[in-house]
Amino acid sequence: MISTIAGYLCGNARQYYPHMHSIADASELLFGKGAREVVGFIYYLYLAMTAGAGLLTTSVAFNALSDHGACTTVFVGVTSIAAFLIGTGFRGLQKVAWISWVGVAVIFIAIWTTAITCLTQSRPAAGPASGPIDLDVRAFPKTTFPEAMTAISNQLFAVGASATFFSISAEMKHPEKFTRALICGQAFIVATCVAIATIVYAKVGQYLASPALGSAGPLIKKVSYGIALPGLLATAVLYSHIAAKYCFVRFLRGTRHLQANTVKHWVVWVGSMLVTVVFGFVIVGMVPFFSDFLSLVGALVNPIFTNVVPGFMLLFYVARKPVKVTDTLAILRREQSAAPQQQHWLVEAMAACRKGEWKDAAMVAVGAFMILSGAFIIVGGTYSTILSIKKSYDDGLIGGVFSCVDNST
Numbered sequence: 003m004i005s006t007i008a009g010y011l012c013g014n015a016r017q018y019y020p021h022m023h024s025i026a027d028a029s030e031l032l033f034g035k036g037a038r039e040v041v042g043f044i045y046y047l048y049l050a051m052t053a054g055a056g057l058l059t060t061s062v063a064f065n066a067l068s069d070h071g072a073c074t075t076v077f078v079g080v081t082s083i084a085a086f087l088i089g090t091g092f093r094g095l096q097k098v099a100w101i102s103w104v105g106v107a108v109i110f111i112a113i114w115t116t117a118i119t120c121l122t123q124s125r126p127a128a129g130p131a132s133g134p135i136d137l138d139v140r141a142f143p144k145t146t147f148p149e150a151m152t153a154i155s156n157q158l159f160a161v162g163a164s165a166t167f168f169s170i171s172a173e174m175k176h177p178e179k180f181t182r183a184l185i186c187g188q189a190f191i192v193a194t195c196v197a198i199a200t201i202v203y204a205k206v207g208q209y210l211a212s213p214a215l216g217s218a219g220p221l222i223k224k225v226s227y228g229i230a231l232p233g234l235l236a237t238a239v240l241y242s243h244i245a246a247k248y249c250f251v252r253f254l255r256g257t258r259h260l261q262a263n264t265v266k267h268w269v270v271w272v273g274s275m276l277v278t279v280v281f282g283f284v285i286v287g288m289v290p291f292f293s294d295f296l297s298l299v300g301a302l303v304n305p306i307f308t309n310v311v312p313g314f315m316l317l318f319y320v321a322r323k324p325v326k327v328t329d330t331l332a333i334l335r336r337e338q339s340a341a342p343q344q345q346h347w348l349v350e351a352m353a354a355c356r357k358g359e360w361k362d363a364a365m366v367a368v369g370a371f372m373i374l375s376g377a378f379i380i381v382g383g384t385y386s387t388i389l390s391i392k393k394s395y396d397d398g399l400i401g402g403v404f405s406c407v408d409n410s411t
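Written out as structure tokens, the structure is:
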């Protein structure tokens with residue numbers, strides 16, 4: 003629900019403030035230029051780390067398909083090169099949109115292949131071959147606070163792409179249709195996640211693999227990863243592209259090099275892609291645990307874009323009550339009139355809440371909850387993920403940074 007609210011606010015922001023192209027622009031409107039730089043940097047980290055997650059997951063697929071035929075770091079490196087070459091070749095997001103459609107389709111087929119196979123099996127592939135078996139399936143399993151926060155962070159990573167909706171709506175031919183697309187997308191994701199999780203957990207229980215595509219046994223594991231491979235690579239390509247595009251526009255905004263095919267244009271673009279892919283490669287080498295890596299991204303940066311900034315945006319809307327702008331003159335007048343009052347919008351939101359309008363009070367309550375819950379996840383989730391990473395190293399689950407150990411088992 004929170005991610006849908008955040009997606010609606012981020013994706014439709016340009017209809018009220020057409021100059022917004024990213025979450026950093028929204029932060030500048032809320033808190034000034036300093037906030038823009040800080041949030042912009044964190045946004046880049048989020049995109050680059052998510053691209054890294056794509057690199058890591060693709061290396062898991064290569065290991066599964068080849069029976070660990072090469073060092074894991076080599077597989078990450080090969081995926082990084084592929085993401086760089088494909089992502090650099092397309093500068094417009096609309097030109098790589100087809101990759102996302104292919105990615106969604108093959109991953110959807112892969113996860114349902116695993117789920118249906120689990121449904122037909124009499125016992126989990128990773129469980130004992132004979133005798134009684136305890137799946138330990140519980141509606142409310144016993145868990146520790148760090149384990150619970152790690153799971154929450156993983157879920158937030160899965161649904162917390164709200165910050166990218168600025169870029170998506172900015173390149174839509176009909177941005178007024180964004181809400182329809184958002185609702186369809188969220189409904190599809192939630193329905194799929196609930197169905198898959200219910201089926202696989204009910205049939206596999208405590209023998210669930212991470213990633214879950216390995217839960218149906220060695221053969222189906224290879225089949226599923228073979229089907230999903232283009233989609234996993236697509237994640238690395240798309241997020242590398244969006245991260246590099248953010249840097250590219252940030253560096254060249256306001257210059258002729260942004261649109262013209264000059265030497266500077268290409269140097270900045272290729273350099274942005276290269277830095278992004280290298281960063282993803284390095285961070286994956288340092289945190290090579292699949293679940294922990296997703297938790298780290300989900301706890302450290304996702305709450306800022308899914309909870310905190312959208313929560314403040316909601317309070318800002320309560321204070322300023324923006325209307326959709328359709329002409330340039332109206333935009334100019336709005337910016338001129340709003341600028342002197344920008345520092346007072348938070349106080350105005352509280353005042354609007356106290357006036358007794360139930361809609362304003364409800365929006366303020368939702369916004370406050372989003373902000374506080376985001377702060378809680380950042381602190382609790384990051385702390386829990388650090389403990390989990392430390393435990394993984396202490397237990398010797400992987401050799402060290404840039405390890406060659408098989409990460410598909």
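So in this note's numbering, spot 113 of the sequence shown is number 115, and the numbers just go up one at a time. Positions of the beta carbon are idealized from the N, C-alpha and C atoms, including for glycine.
query	result
Burial state of GLN345 (16 or more Cβ within 10 Å)	Low local confidence applies: a pLDDT of 49 at GLN345 is under 50, so the model's placement there is unreliable, with the coordinate-based value given in what follows. Classification for GLN345: exposed.
Reduced DSSP secondary structure (H/G/I, E/B, other) of ALA150	helix
Beta-carbon gap between SER171 and ASN304 smaller than 9 Å	no
Top-ranked residue by Cα proximity to SER274, from ILE380, ALA245, VAL192	ALA245
Of the residues SER24, ALA197, ALA127, LEU58, the one placed nearest CYS406, counting alpha carbons only	LEU58
The stretch 139-147 in contact with the stretch 236-254 per 3-pair CB rule at 8 Å	no
C-beta atoms of MET151 and THR308 nearer than 9 Å	no
Residue span of the alpha helix (DSSP H) that contains TYR319, given as start and end	311-322
Separation of ARG356 from ALA230, as counted between CA atoms	52 Å
Cβ contact check for the stretch 68-82 and the stretch 97-117: 3 or more pairs under 8 Å	no
Span separating the alpha-carbon of VAL277 from that of SER82	11 Å
Nonlocal neighbours in the same chain, by C-beta distance under 7 Å from VAL62, ignoring five residues either side	PRO213, PHE292, ASN409, SER410
Element boundaries [alpha helix (DSSP H), containing PRO220]	220-254
Segment limits, alpha helix (DSSP H) that includes HIS259	Looking at the DSSP string, HIS259 is not in any alpha helix (DSSP H), and its letter there is neither H nor E.
Neighbourhood of ALA340 by C-beta distance below 8 Å, restricted to the same chain and skipping five residues each side	Residue confidence is low: ALA340 scores 49 on pLDDT, short of 50, so the model does not pin down where it sits. Its coordinate-derived value is still stated next. ARG322, listed in sequence order.
Option nearest HIS243 by Cα separation, candidates THR166, VAL192, ALA189, LEU302	THR166
Residue environment, ILE7, which counts as buried when at least 16 other CB atoms sit within 10 Å	buried
DSSP-derived helix/strand/coil call for GLY187	helix
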